[in-house]
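Report on the structure given below.
Protein chains in written order, with the working numbering: chain P, 548 to 849; chain U, 16 to 681.
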């Protein structure tokens with residue numbers, strides 16, 4: 548059989564291709580399997596059932612983790628410990644506001660965020676992490692409490708599947724909900740387009756960080772939001788407020804780009820200031836960038 | 016302002032169409048959803064305004080285009096004083112340059128008066144100068160430049176042609192239509208009675224024109240003329256021939272004149288003739304001896320009048336040997352050869368000698384020495400003979416074919432290859448077909464009719480590209496001519512044996528045979544006596560495109576090299592002899608005499624002239640605006656509106672392309 552030049556599964560990380568897959572579970576499996584296959588070729592990253600250390604057997608330990616090879620060679624029983632055994636909580640907050648429904652191509656920001664959420668849930672399931680989900684716009688639309696119980700992945704994927712673009716964005720309510728349900732420290736992931744004052748947003752999410760949580764902000768934007776390409780003046784309508792403004796190409800190509808660039812920098816600066824991980828994603832980028840960010844954050848927790 | 020066709024104003028209702036398209040169905044600027052406008056500011060009014068302005072301009076152009084079209088069809092006009100319109104009247108000074116203007120100082124007087132008319136015109140007046148005889152030449156203008164007009168006037172000289180006031184009026188009507196202007200016409204002429212058209216209505220000038228008639232000379236001056244000469248144009252033997260001439264006097268007393276016959280400048284005979292007052296006398300010369308070749312003859316009188324050009328009458332004569340004509344008789348030995356022989360010999364001075372030969376004979380011999388060849392009912396012609404005849408025709412020879420029973424059975428005509436689809440055989444004595452000439456100008460049928468000729472049998476042939484000069488009653492071609500190479504083949508689709516038809520027994524048969532012989536033998540092209548102004552066909556006998564050399568009465572070549580190859584016809588304008596050399600060495604000598612109607616200088620009655628002038632005094636209403644002072648005339652504006660509509664249409668196209676491009680790009 549001829550050798551394949553492309554890493555298996557890697558090509559499925561392209562968001563545009565993932566749009567063709569109907570089943571969100573299949574999307575998640577495709578993404579994560581491809582991502583993991585990519586990681587195995589990388590010297591910098593480890594994942595899941597990686598060997599961490601040996602520990603002398605003490606009565607009461609589970610005999611399944613005894614390394615019988617070592618026992619055969621040395622006559623002493625050792626337990627083989629893996630990093631994946633260190634479980635954590637991960638709560639994903641998915642913004643489903645109206646602005647997340649924007650798409651310059653086939654894939655909207657919400658679609659991209661759903662793929663991302665499903666992939667993270669799938670990874671968490673493999674890691675036996677307790678994963679939870681909050682879908683929100685102006686208020687909490689879906690809530691799946693973090694758990695490692697059987698069927699948790701299906702519940703999460705079901706919630707993600709039914710996330711549709713709603714109304715405006717309101718961070719306060721969802722974050723309060725998150726704080727109330729938080730039983731132990733873990734990782735909080737926020738996937739949103741963060742339309743709002745950076746200082747306000749960060750101050751709202753900052754309390755999550757104070758409780759010892761790792762906070763990851765995925766800032767999801769459409770490429771045309773960063774670089775609107777207008778040839779003639781057009782009438783633009785705000786998807787959340789419904790207001791319309793006629794915009795000239797000169798403004799969109801100049802002052803607007805400066806403003807949104809400044810907005811992103813502010814967000815990045817404010818996030819760094821509170822120790823949160825900020826990551827800008829555009830919907831034309833492969834999902835493994837986001838997954839790599841998440842894995843890096845999780846590894847730091849071990 | 017008014018409307019000449021106000022009904023078309025209903026077309027303004029069409030203005031509602033663009034209004035509906037633009038305002039009721041106009042393109043709505045659909046807002047495009049965008050995630051958030053928190054980084055946008057409403058600062059774009061100027062560019063949007065530009066687009067709206069472009070949109071409104073497009074609407075205005077479309078409405079304007081429709082409005083202009085409707086208004087143009089409604090034909091608006093504005094009224095303006097006739098005096099103002101008169102400023103656009105075109106002054107036409109028409110000078111008679113016919114033969115009669117050679118009388119005394121008539122032409123100089125006419126030109127002097129023409130200058131007077133131009134002098135009298137106000138400065139900057141648009142004017143033209145025309146010379147007219149049987150035709151009209153506009154020799155200068157329209158121009159306001161006096162030098163141009165004077166130069167045109169100076170170029171006018173009396174010719175040898177007649178006068179036609181009808182032709183002048185017709186040309187002026189055309190001029191007024193082309194210039195879209197009323198005319199002030201000043202006609203300077205000797206006002207000969209002979210120039211008047213048969214119908215007075217033919218003298219009508221364009222509406223609104225003003226006519227001034229200026230007669231030169233006293234009118235009715237005495238004049239002698241050699242009115243006509245009857246001389247042979249071809250002579251086939253060396254004997255003395257008779258030439259008769261008619262001497263006429265107009266407004267003259269009884270006078271005895273000396274009349275002289277000259278040939279090539281040499282006086283052959285002189286006689287005296289006494290003509291009655293204002294009458295005619297005939298003089299006959301019997302001593303015309305003609306050597307071989309072309310000769311220039313002349314009959315002249317010693318009359319002492321001031322119009323000398325008509326005191327001589329040129330004529331051309333050619334001495335030549337009779338030319339042999341070869342006749343291939345039918346294998347059936349019908350009587351056709353006998354009839355043809357008799358018809359050719361019936362001519363007073365036949366230039367042809369008939370040689371008969373059976374078509375089945377082997378060697379056709381040298382055909383080039385024959386004027387033409389007649390083949391009677393050839394049937395299946397021997398290949399050798401057909402090849403020889405084909406070569407003869409291609410080199411410029413002529414063949415006359417008749418089709419009888421033998422050829423009918425062959426199924427096609429020799430040489431030309433026309434398919435014979437069958438025979439017209441109504442049955443002798445019972446039914447028959449008649450025939451008619453379809454091309455009266457065909458040389459062999461000039462002046463002839465086939466009326467009364469009964470055709471009992473004829474070949475039903477396909478004419479193809481042949482020239483058909485006569486047809487039977489059922490449109491079957493009867494007389495066809497095919498051009499092959501330099502020569503021609505004339506086919507008569509029946510026999511001449513008094514069986515297939517009774518044509519040989521009709522009086523027209525002799526004339527037909529002689530004219531056919533002249534045509535095929537080229538004898539008609541030798542000499543001719545013509546009136547000045549006659550137009551001759553230069554390439555009729557030669558290949559198109561070949562140069563034809565024309566030498567005028569002054570001995571100089573009348574045509575440039577380009578004209579010699581390209582001109583199809585040539586007008587013989589001057590009195591004297593023209594020599595025409597066609598390709599292949601064929602020569603023609605044409606004697607041209609001045610139009611003898613010009614010799615009668617009797618003037619048109621004064622009351623007739625007054626009636627003509629009054630009928631064209633400018634009183635008639637004219638759209639272009641002639642009239643008395645204070646009278647209002649209408650000036651149509653339709654064409655200006657059409658020009659504006661065209662501009663609007665072009666602008667609309669440009670605007671709509673830009674607008675639509677921008678809309679699609681957005």
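Backbone N, C-alpha and C fix where the C-beta goes; we use that ideal spot for every residue, glycine too. The structure presented is a predicted model; accordingly, all values stated were derived computationally and were not measured.
Span separating the alpha-carbon of residue i from that of residue j
{"i": "residue 834 of chain P", "j": "residue 760 of chain P", "result": "23 Å"}
{"i": "residue 27 of chain U", "j": "residue 164 of chain U", "result": "48 Å"}
{"i": "residue 767 of chain P", "j": "residue 650 of chain P", "result": "12 Å"}
{"i": "residue 513 of chain U", "j": "residue 379 of chain U", "result": "27 Å"}
{"i": "residue 693 of chain P", "j": "residue 807 of chain P", "result": "34 Å"}
{"i": "residue 327 of chain U", "j": "residue 246 of chain U", "result": "14 Å"}
{"i": "residue 613 of chain U", "j": "residue 148 of chain U", "result": "10 Å"}
{"i": "residue 56 of chain U", "j": "residue 770 of chain P", "result": "20 Å"}
{"i": "residue 597 of chain U", "j": "residue 381 of chain U", "result": "24 Å"}
{"i": "residue 552 of chain U", "j": "residue 337 of chain U", "result": "25 Å"}
{"i": "residue 803 of chain P", "j": "residue 742 of chain P", "result": "14 Å"}
{"i": "residue 464 of chain U", "j": "residue 233 of chain U", "result": "48 Å"}
{"i": "residue 289 of chain U", "j": "residue 316 of chain U", "result": "11 Å"}
{"i": "residue 241 of chain U", "j": "residue 330 of chain U", "result": "12 Å"}
{"i": "residue 800 of chain P", "j": "residue 778 of chain P", "result": "10 Å"}
{"i": "residue 230 of chain U", "j": "residue 124 of chain U", "result": "10 Å"}
{"i": "residue 134 of chain U", "j": "residue 563 of chain U", "result": "45 Å"}
{"i": "residue 713 of chain P", "j": "residue 820 of chain P", "result": "31 Å"}
C-beta neighbour in chain U for residue i, strict 8 Å
{"i": "residue 811 of chain P", "result": "no"}
{"i": "residue 708 of chain P", "result": "no"}
{"i": "residue 658 of chain P", "result": "no"}
{"i": "residue 769 of chain P", "result": "yes"}
{"i": "residue 595 of chain P", "result": "Note on residue 595 of chain P: pLDDT 46, under 50, position unreliable in the model; the coordinate value appears next. Chain U, which has no Cβ nearer than 8 Å to the Cβ of residue 595 of chain P, makes this no."}
{"i": "residue 840 of chain P", "result": "no"}
CB contact below 8 Å: residue i versus chain P
{"i": "residue 92 of chain U", "result": "no"}
{"i": "residue 690 of chain U", "result": "There is simply no residue 690 of chain U to check, as chain U begins at 16 and stops at 681 in what is shown."}
{"i": "residue 671 of chain U", "result": "no"}
{"i": "residue 23 of chain U", "result": "no"}
{"i": "residue 69 of chain U", "result": "no"}
{"i": "residue 78 of chain U", "result": "no"}
{"i": "residue 52 of chain U", "result": "yes"}
{"i": "residue 33 of chain U", "result": "no"}
{"i": "residue 48 of chain U", "result": "yes"}
Residue i classed as buried or exposed, judged by whether at least 16 other C-beta atoms fall within 10 angstroms
{"i": "residue 661 of chain U", "result": "exposed"}
{"i": "residue 419 of chain U", "result": "buried"}
{"i": "residue 213 of chain U", "result": "exposed"}
{"i": "residue 221 of chain U", "result": "buried"}
{"i": "residue 854 of chain P", "result": "What is shown of chain P runs 548 to 849, which leaves residue 854 of chain P out entirely."}
{"i": "residue 93 of chain U", "result": "exposed"}
{"i": "residue 306 of chain U", "result": "exposed"}
{"i": "residue 747 of chain P", "result": "exposed"}
{"i": "residue 196 of chain U", "result": "buried"}
{"i": "residue 618 of chain U", "result": "buried"}
{"i": "residue 225 of chain U", "result": "buried"}
{"i": "residue 287 of chain U", "result": "exposed"}
{"i": "residue 262 of chain U", "result": "buried"}
{"i": "residue 104 of chain U", "result": "buried"}
{"i": "residue 627 of chain U", "result": "buried"}
{"i": "residue 828 of chain P", "result": "buried"}
{"i": "residue 655 of chain U", "result": "exposed"}
{"i": "residue 47 of chain U", "result": "exposed"}
{"i": "residue 201 of chain U", "result": "buried"}
Cβ separation of residue i and residue j, assumed to be a contact under 8 Å, to the nearest whole Å
{"i": "residue 339 of chain U", "j": "residue 386 of chain U", "result": "7 Å"}
Members of the stretch 776–808 of chain P near chain U, C-beta cut-off 7 Å:
Of all residues in the stretch 776–808 of chain P, 778, 779, 780, 781, 782, 783, 784, 785, 786, 787, 790, 791, 792, 793, 794, 795, 798, 803, 806 and 807 have a Cβ within less than 7 Å of some Cβ in chain U.
Interface residues of the stretch 640–653 of chain P facing chain U [CB-CB below 7 Å]
Listed by position along the chain: 646 and 649.
May I ask you to list, following chain order, the residues of the stretch 710–743 of chain P that have a beta carbon less than 7 Å from some beta carbon of chain U?
So the close ones are 740 and 742.
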